[in-house]
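Student:
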Amino acid sequence: MLNLTFKPSLYSLAFVNGIEIVSMPDLFYSKGGFDNKIINVGSVAEFEIDNSTAFETIHRRNVGGEMVSDVRDSGMFRWWYPDEDFQMKGVVVSIPQAKIKYTDKTPAYVAPEDVYATSRSMGLTNEYLRHNLEMNMTWYFTVDVGYTYLVRLHFFETSLEVNGTH
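Counting from 320, one number per residue, gives the positions in the sequence shown under my numbering.
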């Protein structure tokens, strides 16, 4: 049972515009359905996220793309903001004709198709490919110290030559 109590101070006014309680599918923000554990980057130790762990979204970015509003999200009512103010290098690649084949391990609620329709690349021309080892793609985000952060990355294979499917 969830009990929400709003108690205004004496001589004050209180009002509520809306309350939203959203259930979270198992593994949605933890393992993504692909394995039974999370490993910290640079470590072999498992990181446990149990049902008592609370999450707060700090940044959600649509890499290379425009803002995706809550009504265009895939049923989770999230906002996906452009990454252009946080990204330092990279060429925007658009894949508007790509159609995603969602599966049991990657259901549609993971992210909307608009998120997978664009990406950033270090470049596809020979000139860029020669310099890829010297380059990196970097995003700068401000976060508070003293917290542990979960970073979820979304990947979508855009080259049909790799495995014949998106």
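Using N, Cα and C, we set each Cβ at its ideal position, and we do this for glycine too.
State the Cα-Cα distance for the pair T324 and A436, rounded to the nearest angstrom.
Tutor: When rounded, the distance between both Cα atoms is 43 angstroms.
Student: Return the CA-CA distance between H378 and K424, expressed in angstroms with no decimal places.
Tutor: Between H378 and K424, the C-alpha separation is close to 24 angstroms.
Student: Determine the closest residue to Y428 out of E385, F475, F396, with distance taken between C-alpha atoms.
Tutor: Looking at the Cα atoms, F396 is the closest of the given residues.
Student: Leaving aside the five residues before and after Y459 along the sequence, list all residues of the same chain whose C-beta is less than 6 angstroms from its C-beta, in chain order.
Tutor: F405.
Student: Consider the C-beta atom of S393 and the heavy atoms of the ligand MG; say whether any pair is separated by less than 6 angstroms.
Tutor: As presented, the structure is devoid of all ligands, the ligand MG included, so that no description of it is given.
Student: As a quick exercise: from W398, Y468, L472, pick the residue whose alpha carbon is nearest that of T372.
Tutor: It is Y468.
Student: Taking only three categories from DSSP, how would you classify R439?
Tutor: In the structure shown, R439 sits in a strand (DSSP, three-state: E or B).
Student: Under three-state DSSP, which class holds Y400?
Tutor: In this structure, Y400 counts as strand in the three-state DSSP scheme.
Student: So for G351, helix, strand or coil by DSSP?
Tutor: The predicted position of G351 is uncertain, since its pLDDT is 49 and thus under 50; no value can be drawn from it.
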